[in-house]
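Chemist: For reference, the structure I am asking about is given below.
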């Protein structure tokens with residue numbers, strides 16, 4: 031399967047750009063393609079309509095699966111652990127104590143403000 035999207039790196043996406051359809055091509059067995067073409071002719075749906083319907087059904091079915099939900103939550107937990115380890119490593123490099131959970135997210139804006147003000151030139155009249 032391949033997905034093709036326009037190259038818009040470095041540009042801000044507008045809500046309209048984010049919702050523009052993209053090409054999503056799949057390779058299928060020739061026999062299945064013949065069946066699709068035959069049924070599509072009867073239903074008068076486009077290949078795109080048939081593909082979108084099939085993918086929407088698959089996504090809905092997959093999201094309802096408890097095993098998939100559990101796996102997704104486990105992946106989120108693992109990602110959270112990796113981020114905490116990285117936060118601790120960076121704090122260790124900077125010589126600061128790593129803080130846990132919400133305290134670190136609340137402290138982050140203060141730290142970045144303090145750090146950026148140290149780097150910037152003093153302003154007159156401040």
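Residue numbers (my numbering): 31 to 156. Don't be surprised by glycine CBs; every beta carbon is placed ideally from N, CA and C. Here the structure is a predicted model, which is why all the values come from computation and not from measurement.
Counting along the chain, where does the beta strand (DSSP E) carrying residue 52 start and finish?
Modeler: Here residue 52 belongs to no beta strand (DSSP E), and DSSP marks it neither H nor E.
Chemist: Rounded to whole angstroms, what is the Cα-Cα separation between residue 96 and residue 89?
Modeler: 13 angstroms
Chemist: What first and last residue would you give for the alpha helix (DSSP H) that runs through residue 5?
Modeler: Outside the displayed span of the chain (31 to 156) sits residue 5, for which this structure offers no information.
Chemist: Would you report the Cα separation of residue 112 and residue 105, rounded to the nearest angstrom?
Modeler: 10 angstroms
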